[in-house]
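Residue numbering for the sequence shown follows the working numbering, beginning at 19 and increasing consecutively.
Backbone N, C-alpha and C fix where the C-beta goes; we use that ideal spot for every residue, glycine too.
This structure is a prediction, so every number in the text was calculated from the model and none was measured.
A short worksheet on the structure shown next.
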Amino acid sequence: ACFGTPFFALFASITWYLAGRLVKTPNSSLVSSLFALSGLVMGLIRPEGVFLAFFMLFAVIYMAGIKHSGKAMTAFLCVFVILGGAYFLWRWNYFGHPLPNPFYKKGGGYLHWEGITDSVENTV
Numbered sequence: 019a020c021f022g023t024p025f026f027a028l029f030a031s032i033t034w035y036l037a038g039r040l041v042k043t044p045n046s047s048l049v050s051s052l053f054a055l056s057g058l059v060m061g062l063i064r065p066e067g068v069f070l071a072f073f074m075l076f077a078v079i080y081m082a083g084i085k086h087s088g089k090a091m092t093a094f095l096c097v098f099v100i101l102g103g104a105y106f107l108w109r110w111n112y113f114g115h116p117l118p119n120p121f122y123k124k125g126g127g128y129l130h131w132e133g134i135t136d137s138v139e140n141t142v
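Okay, structure coming up:
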């Protein structure tokens with residue numbers, strides 16, 4: 019909880035603030051772009067930031083309505099597909115694994131899928 023946690027919390031707060039602004043002004047290109055970029059930064063800081071950013075996008079779509087969320091969805095998907103996808107592919111090529119190294123180091127070199135299935139079963 020040193021360097022990454024405060025910055026993750028900062029960008030989670032910024033992204034959530036921008037999500038609230040998008041609900042009020044869904045046709046703003048500037049707010050849509052800033053929301054998408056801050057969500058991307060949140061995902062670059064910590065892997066779960068990608069999921070949190072998508073959940074925030076779904077909240078914007080739910081609150082503003084799908085008809086009014088077109089700019090937000092377009093900006094978000096463009097930023098995540100182009101910039102996020104380029105980073106993800108570079109990272110996978112450079113490190114040889116799609117997920118961050120601690121996932122493999124702590125897991126003994128492979129992912130423990132039974133942990134994921136147990137989590138899903140306990141959630142449902």
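Original post:
Grouping DSSP H, G and I as helix and E and B as strand, with all else coil, what is residue 115?
Top reply: coil
Subject >> Sequence-distant residues of its chain with Cβ nearer than 8 Å to residue 64 (five each side left out) >> reply: 22 and 26
**OP:** Would you be able to state if there are at least three C-beta pairs under 8 Å between the segment 114-123 and the segment 69-85?
**Re:** no
Original post:
What are the start and end residues of the alpha helix (DSSP H) that includes residue 78?
Top reply: 66-82
Original post:
Any idea what DSSP makes of residue 57, helix, strand or coil?
Top reply: helix
**OP:** Count the other C-beta atoms from every protein chain shown that fall within 10 angstroms of the C-beta of residue 85, then say buried if there are 16 or more, exposed otherwise.
**Re:** exposed
Subject >> CB-CB length for residue 50 against residue 32, believed under 8 Å >> reply: Between residue 32 and residue 50 the Cβ distance is about 14 Å, and since that is not below 8 Å, they are no contact.
**OP:** For residue 79, count neighbouring Cβ atoms within 10 angstroms of its own Cβ and tell me buried if that reaches 16, exposed if not.
**Re:** buried
Original post:
Can you give the Cα-Cα distance for residue 53 and residue 123, rounded to whole angstroms?
Top reply: 33 Å
Original post:
What does a CB cutoff of less than 8 Å around residue 47 pick up in its chain, not counting 5 residues either side in sequence?
Top reply: 89 and 93
Original post:
Rounded to a whole number of angstroms, what is the C-alpha to C-alpha distance between residue 77 and residue 120?
Top reply: 30 Å
**OP:** Would you mind sorting residue 37 into buried or exposed? The rule is 16 or more other CB atoms within 10 Å of its CB.
**Re:** buried
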